[in-house]
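**Q** Take this structure first; my questions come after.
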Amino acid sequence: MNGLYFIAGVYGVGKSTLCEKISTILDIPFYSSGDLISNVNGESYGANKTVKDKTQNQNILVSAVNQLYLRYPTMLLAGHFCIFDKNTKVDILPEDVFSQLKILKIILLEADEEIIINHLSKRDNKFYSKEQIVELQSTEHTQALKIASELEIPIVIHQMKFDDCDIDEILIKIKED
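Heads up, the working numbering is the position in the sequence shown plus 5, with the first residue counted as 1.
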């Protein structure tokens, strides 16, 4: 089946690590939405995480994914339904982009907020309050369910354990198609 598995979740939940492993096992390519966007607009998202124009970035993402479809009929794409703005307020990404991505299934990764905070402090040297991460993860969850419902896309919500069980469980969910 052609399309992509959209691996969603907040910063620091383990999307890239999980996708890299699954990509190798399934022999399908994995891309990060942020990397695809920054390859075009030159912005570096690293620890900063702020974007200048979220609508333009989502248009860049759709274009980049459409170019990838010319080479790869199926892929993993890690991304978000919401982000923090420059004031660390939750900002919902434009919803229309998801209808243009040919999503086969949404796999929403969630984790304990304290673990996410720890990951972000170690990886990015960024420090968020528990309340900020709770709000971000809650909004990500709500938006994932909304998009899945509106576009009639199957959704799986997975609580990360940060061990090999995560890989096994996600592989089962992907292969259920």
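Virtual Cβ for every residue (Gly too), placed ideally from N, Cα, C.
Under a three-way DSSP split, which group does I85 fall into?
**A** Here residue 85 is His; the residue named in the question, Ile, does not match the sequence. The answer is coil: DSSP assigns H85 none of H, G, I, E or B.
**Q** Which value, in whole angstroms, describes the spacing of the CA atoms of S38 and G84?
**A** In a straight line, the C-alpha of S38 is about 5 Å away from that of G84.
**Q** Excluding sequence positions up to five away, which residues of its chain have a Cβ less than 7 Å from the Cβ of S21?
**A** Counting only Cβ-Cβ distances below 7 Å, and skipping sequence neighbours, we find S37, A83.
**Q** Suppose you measure from the CA of S68 to the CA of L106; what does that come to, to the nearest Å?
**A** Between S68 and L106, the C-alpha separation is close to 9 Å.
**Q** Taking the straight line between their C-alpha atoms, what separation do you get for L9 and L109?
**A** Their Cα atoms are separated by approximately 5 Å.
**Q** Over what stretch of residues does the alpha helix (DSSP H) that includes L156 continue unbroken?
**A** Its alpha helix (DSSP H) spans residues 135-156.
**Q** Give me the Cα-Cα distance between I152 and G14, rounded to the nearest whole angstrom.
**A** About 14 Å.
**Q** Is G17 helix, strand or coil by DSSP?
**A** Residue state, collapsed to three classes: coil.
**Q** When you compare only the Cα positions, how much space is there between V102 and Y74?
**A** If you take the alpha carbons of V102 and Y74, they lie about 16 Å apart.
**Q** Per DSSP, what are the beta-bridge partners of P129 in this structure?
**A** The sequence shown places Asp at residue 129, not Pro. DSSP lists no partner for D129.
**Q** Whole angstroms are fine: how far does the CA of T79 sit from the CA of I122?
**A** If I take the Cα positions, the gap works out to 32 Å.
**Q** Residues in the same chain with beta-carbon distance under 8 Å from H146, minus the five sequence neighbours each way, listed in chain order, please.
**A** Around H146: L113, E115, I162.
**Q** Quick one: Cα of K135 to Cα of P99, how far?
**A** Taking the straight line from one Cα to the other gives about 25 Å.
**Q** In or out: N62 buried (at least 16 other Cβ within 10 Å) or exposed?
**A** N62 should be labelled buried.
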